[in-house]
Structure formats: C-alpha cells, structure tokens
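J.: Got a structure here, written out as structure tokens. Questions coming.
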Amino acid sequence: MKSFFLLLLALPAAAPGHETRQQGPHVHGQAQVQVALDGNTLDIALQAPGMGILSFERPPATPTEADQLKQATALLTSATWLQLPAAASCRLDSRKATADGFAAGNEQHAHHDHGDGQHHHHAGFQVQLRYRCQQPSRLDHLTFSLGTAFANLHETVVDLATDKGQGRVELRGAQQRVDLPR
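Numbering-wise (my numbering), the sequence shown opens with residue 88 and increments by one.
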C-alpha cells in the first residue's frame, strides 16, 4: 500500500524538467489535488493553472502583477486554504509551493494550440504539504477554501487514497468538504 501512496504523490514530480510542468489537461479554473493518508502521514499535492489562481499565465507585466504572484505563492505556501479536524491533532511538517512559467524568458516555452489557431502560454502552481497526525483515525474529512481564496478557481478535483479506500470528489461553488474513505 505504501508504494501506491508514493506513486500517487510522485506523479507531479515526474513531469519534464523544463520550467512549466503539465500533468494531463490544463483546465483554466480547475485545481487538481492528490491526498494520501499513510499511517500518521498526510500528504497533499496541489496543481492549479495560473488562470485559476491569478488572472494571467505569463511573466508579470506590472509591479501590481508581481505583487499578486508573490501573494498567491505565499498564500498557497501558508496552507491556510486547507483545514483539518482539530481532533486529528495534525502538525504541518513540510510545505513547498512553486509558481512555474511566470519567470521572464518563459514566453517561448509551454505554448499550446487550443484548437482556435492561437498559441497560449501555460503557467501554474504546484504545492506539496506534509502533515503528521497524532490521531489519524480522527482525520475523517478535509475542508478546502481554494474557491474562496481564489475567485478564478471554479472547481477542485480531489483524488483520495487511504488505507480504507480511494475516491474522487469534485468540489464546486460553496461545496468545500471532502469526506475521507471510511
């Protein structure tokens, strides 16, 4: 079972080595989250397109856009967009957030034709969080506030893997709670 969790979490890291990473379709307004609970370790991997977090997918053109990029990355790193039940006594052990494709000079990379004859630049965010939970049996749900924190994010697709099962939940609108397999 542990190898399954490692494989699930390794998928985002297995992307090509250039600046902008793509895992499957790039859907504006949709975040992908992988959740793996193995023993007392909870791993969360988030991928979101730049257009879901910001209103642009290119290097910032103004100081205001540069500040927006910095603030979005800080908010994603803070992990305040994810709430865990207090009864599970989870502690955030590690966190990392990257904003790929926003650096100057990336304009020539990651251009894709969307069928309209135009090439579009894709940029996005990746976040990895690791929690240690003293009472993992009490970790029965997660609450995501991504749609509240980022107005351009309309859907969050959450893939779950625990020792009790697997599943997928699609969060839209006010729906924010994900129940873990029991």
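All C-beta atoms, glycine included, are put in the ideal place defined by N, C-alpha and C.
#1: Counting C-beta neighbours from all protein chains within 10 Å, is the total for D200 16 or more, i.e. buried, or is it exposed?
#2: When the cut-off is 9 Å and only beta carbons count, does F237 lie next to chain B?
#3: Considering only the alpha carbon of each residue, which of S165, P136 and G126 lies closest to Q215?
#4: Quick one: residues in its chain with C-beta nearer than 6 Å to the C-beta of V256, no 5 flanking neighbours on either side, listed in chain order?
#5: Suppose you measure from the CA of T151 to the CA of F143; what does that come to, to the nearest Å?
#6: Can you say whether D250 is buried or exposed, counting buried as having 16 or more other CB atoms within 10 angstroms of its CB?
#7: Jot down the residue ranges of each uninterrupted beta strand (DSSP E) in the region 154–242, minimum 3 residues, whole runs only, in chain order.
#8: My output table needs one value for T128: the three-state DSSP class, helix, strand or coil.
#9: Classify E144 as helix, strand or coil using the three-state DSSP reduction.
#10: Can you name, in chain order, every residue of its own chain whose Cβ lies under 6 Å from the Cβ of S181, other than the five neighbours on each side?
T.: In terms of the structure at hand:
#1: Locating residue 200 in the sequence shown gives position 113, where the first residue counts as 1. Confidence in D200 is poor, its pLDDT being 42 and thus under 50, which makes the residue's placement too unreliable to answer from.
#2: Absence of chain B from the displayed structure is noted, only one protein chain being present.
#3: Residue mapping note: residue 215 aligns to position 128 of the sequence shown, counting from 1. For Q215, the nearest C-alpha among the options comes from S165.
#4: By 1-based counting over the sequence shown, the position of residue 256 is 169. Contacts found: V245 and V265.
#5: Counted from its first residue, the sequence shown places residue 151 at position 64. Counted from its first residue, the sequence shown places residue 143 at position 56. Their backbone Cα atoms lie some 12 Å apart in a straight line.
#6: The residue labelled residue 250 in the question sits at position 163 within the sequence shown. The residue is exposed, with fewer than 16 neighbouring Cβ atoms inside 10 Å.
#7: 177–187, 198–200, 206–208, 211–220 and 228–231
#8: Within the sequence shown, numbered from 1, the residue matching residue 128 stands at position 41. Strand, per DSSP.
#9: On the sequence shown, residue 144 is found 57 positions in, with the first residue counted as 1. The answer is coil: DSSP assigns E144 none of H, G, I, E or B.
#10: What you label residue 181 is simply residue 94 of the sequence shown in a count that begins at 1. Only R217 meet the Cβ criterion.
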